[in-house]
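Asker: Numbering (UniProt numbering), first residue to last: 1 to 140.
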Ligand SMILES: [Zn+2]
Ligand SMILES: [Zn+2]
C-alpha cells in the first residue's frame with residue numbers, strides 16, 4: 001500500500017518535501033540527496049491540443065455589374081433623335097438666343113446621359129424653363 005504522502009525514496013517516512021523538478025515526495029534532505037543521485041526528469045507535460053484553424057470565411061465574390069449593351073444603344077439612339085427634336089423646337093431656339101445657355105446645353109447634350117445632364121441644369125437658378133423645354137422636347 002503506497003501512499004502519496006509516503007517518501008518515495010525511503011518509503012519509511014511521510015514526504016514533507018517535493019522535488020522541484022519531478023515533484024516526487026521525499027521526507028528529508030538525506031532522501032533528496034539520494035533522489036538527486038539519479039537523474040530525474042519532469043513529468044511529461046500534456047501534449048498541447050491541436051487548435052483547429054478557423055475556417056476562412058468564404059468571401060462573397062463581388063459581382064461586377066455587366067454593362068447592358070441594349071441600354072447603352074438606347075441612350076445613343078435617343079441622343080441622336082433628341083438632337084433632331086431640339087433643332088425643331090422654336091421655343092428652344094428662342095431660349096437659346098443666350099450664348100451662355102447654348103454653351104451649357106451643348107455641354108449637356110455632349111454628356112453620355114443628356115437627360116440627366118439637362119436635369120442637373122435645372123438645379124441652377126434660371127435654367128428651370130429651359131430644362132423643362134429640353135426634357136419635354138426630348139421625351140415627346
Ligand atoms: Zn525518505
Ligand atoms: Zn526529482
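For every residue, glycine included, the Cβ atom is placed at its ideal position computed from N, Cα and C.
#1: Excluding sequence positions up to five away, which residues of its chain have a Cβ less than 7 Å from the Cβ of residue 9?
#2: Mind checking whether the beta-carbon of residue 19 lies closer than 6 Å to any heavy atom of ligand 1?
#3: Report the residue from 28, 22 and 21 whose alpha carbon sits nearest the alpha carbon of residue 11.
#4: Can you check whether the CB of residue 44 is closer than 7 Å to the CB of residue 146?
#5: Please report the straight-line C-alpha distance between residue 109 and residue 117, rounded to a whole angstrom.
#6: Within the continuous alpha helix (DSSP H) that includes residue 97, where are the two ends?
#7: Just the Cα atoms here: how many angstroms apart are residue 112 and residue 101?
#8: As a quick exercise: from 46, 19, 104 and 120, pick the residue whose alpha carbon is nearest that of residue 39.
#9: Determine the burial state of residue 131: buried for a count of at least 16 other Cβ atoms within 10 Å of its Cβ, exposed for fewer.
Answerer: On the basis of the coordinates in this document:
#1: Hits under 7 Å: 26, 31, 34 and 35.
#2: no
#3: 28
#4: The shown model of the chain, from 1 to 140, leaves out residue 146, and the question about it has no answer.
#5: In a straight line, the C-alpha of residue 109 is about 8 Å away from that of residue 117.
#6: No residue range can be given for residue 97, since it is assigned to no alpha helix (DSSP H) and is classified by DSSP as neither H nor E.
#7: 19 Å
#8: 19
#9: When all chains shown are included, residue 131 counts as buried.
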